[in-house]
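In the numbering used here, the protein residues as written are 34 to 282. Here the structure comes first, spelled out in structure tokens, and everything after it is commentary.
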Amino acid sequence: MVEAVGGGVTSFGVGDRVFGYNEGEFGAHAEYLAVPQGGAVATMPDALTFEEAAPATEGAHYALAFLRVARVRAGQDVLVHGATGAIGSAAVQLLKHHGVTVTAVCDTARVELVKGLGADRVVDYSVQDFTEDEQRYDAVFDAVGKSTFGRCRRLLKPGGLYLSSELGPGWQNVLLPLVTPLFRGRKVKFPIPRQSQEIVRHIGELIEAGGFRPVIDRRYPLERIPDAYRYVETGQKTGGVVITVVPPN
């Protein structure tokens with residue numbers, strides 16, 4: 034919620050319910066943050082709570098970068114590896130919203146969750162190696178950066194795309210997009226997300242349209258920030274982890 038505005042601010046007023054994303058220099062967790070009125074911040078959808086709004090933009094803006102770079106279309110087949118993380122769970126929902134047929138990769142405990150997000154098919158990686166799947170895809174999105182183009186290449190249709198949320202071994206996911214276009218066939222692209230007010234507004238519109246809802250795993254009070262980090266670092270979280278800030282009396 035907006036607590037104060039500068040003299041030249043006209044887009045927002047005190048008391049406005051806002052949400053957004055702020056990535057840049059590392060700092061600290063705090064109750065208040067100063068942002069420019071033209072930054073990646075927008076008015077929250079009415080039906081959204083603050084706890085739902087907080088994790089709504091981080092994973093979704095990465096997932097939207099994937100959709101933009103891959104140029105996926107309705108009727109195409111896409112595999113999402115890491116479908117239960119903040120990025121992957123957003124990608125599954127947004128792909129379905131765009132009419133894409135989605136195969137999601139997750140573990141046994143989260144199969145039903147992923148089906149609930151809209152996945153048409155689920156591959157349980159604790160039962161089978163997803164890279165040995167017999168189906169072929171227009172795009173494979175590694176939303177956790179734990180695989181490689183070399184391992185996933187056989188999953189791609191001719192001309193298919195491999196994209197990852199991470200740089201990969203030896204920064205290969207940055208280098209391969211420069212090399213693979215020189216050859217006919219399967220390619221690598223590296224989606225770089227944009228931070229803008231337009232993106233945040235678009236995410237709000239998707240939420241209002243029922244095309245996306247952030248998945249929340251756990252909630253920690255601000256004073257338990259170390260516990261939240263320890264849990265996230267286990268690599269076992271589902272969706273996002275929210276830090277709750279109790280307003281002063």
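Note that beta-carbon positions come from the ideal geometry of N, C-alpha and C, so glycine has one too. What you are looking at is a predicted structure, and each value in this text was computed from that prediction instead of being measured.
Just tell me which of the options has its CA closest to the CA of residue i.
i: residue 275; options: 123, 249 and 132; result: 249
i: residue 192; options: 202, 220 and 258; result: 220
i: residue 116; options: 176, 142, 49 and 88; result: 176
i: residue 233; options: 86, 160 and 126; result: 86
i: residue 190; options: 90, 170, 51 and 204; result: 170
i: residue 278; options: 258, 153 and 81; result: 258
i: residue 152; options: 164, 137, 159 and 158; result: 137
i: residue 150; options: 252, 158, 161 and 134; result: 134
i: residue 283; options: 200, 230 and 237; result: Since the displayed the chain opens at 34 and closes at 282, residue 283 lies outside it and no answer follows.
i: residue 255; options: 186, 64 and 91; result: 64
i: residue 172; options: 111, 203 and 163; result: 111
i: residue 181; options: 202, 84, 166 and 163; result: 202
i: residue 55; options: 174, 106 and 227; result: 227
i: residue 127; options: 146, 101 and 145; result: 101
By a C-beta neighbour count over all protein chains shown, 10 Å radius and 16 as the cutoff for buried, is residue i buried or exposed?
i: residue 62; result: exposed
i: residue 77; result: buried
i: residue 197; result: buried
i: residue 143; result: buried
i: residue 97; result: buried
i: residue 75; result: buried
i: residue 88; result: buried
i: residue 212; result: exposed
i: residue 124; result: buried
i: residue 120; result: buried
i: residue 261; result: buried
i: residue 271; result: buried
Can you give me the C-alpha to C-alpha distance between residue i and residue j, rounded to a whole angstrom?
i: residue 41; j: residue 69; result: 11 angstroms
i: residue 267; j: residue 195; result: 26 angstroms
i: residue 216; j: residue 114; result: 25 angstroms
i: residue 206; j: residue 222; result: 7 angstroms
i: residue 47; j: residue 39; result: 10 angstroms
i: residue 108; j: residue 53; result: 31 angstroms
i: residue 161; j: residue 37; result: 53 angstroms
i: residue 140; j: residue 158; result: 6 angstroms
i: residue 131; j: residue 244; result: 9 angstroms
i: residue 183; j: residue 214; result: 15 angstroms
i: residue 154; j: residue 106; result: 18 angstroms
i: residue 264; j: residue 95; result: 22 angstroms
For the beta strand (DSSP E) containing residue i, name the first residue and the last one.
i: residue 175; result: 170-175
i: residue 249; result: 249-254
i: residue 192; result: 189-197
i: residue 221; result: 220-222
i: residue 135; result: 134-139
Please list the terminal residues of the continuous alpha helix (DSSP H) segment that includes residue i.
i: residue 53; result: Unbroken run through residue 53 is the beta strand (DSSP E), 51-53; no alpha helix (DSSP H).
i: residue 75; result: No alpha helix (DSSP H) holds residue 75; the beta strand (DSSP E) holding it covers 74-76.
i: residue 278; result: Residue 278 -> no alpha helix (DSSP H), and no H or E assigned at all.
i: residue 101; result: 91-103
i: residue 127; result: 119-130
i: residue 260; result: 258-265
i: residue 184; result: 182-185
i: residue 148; result: 144-149
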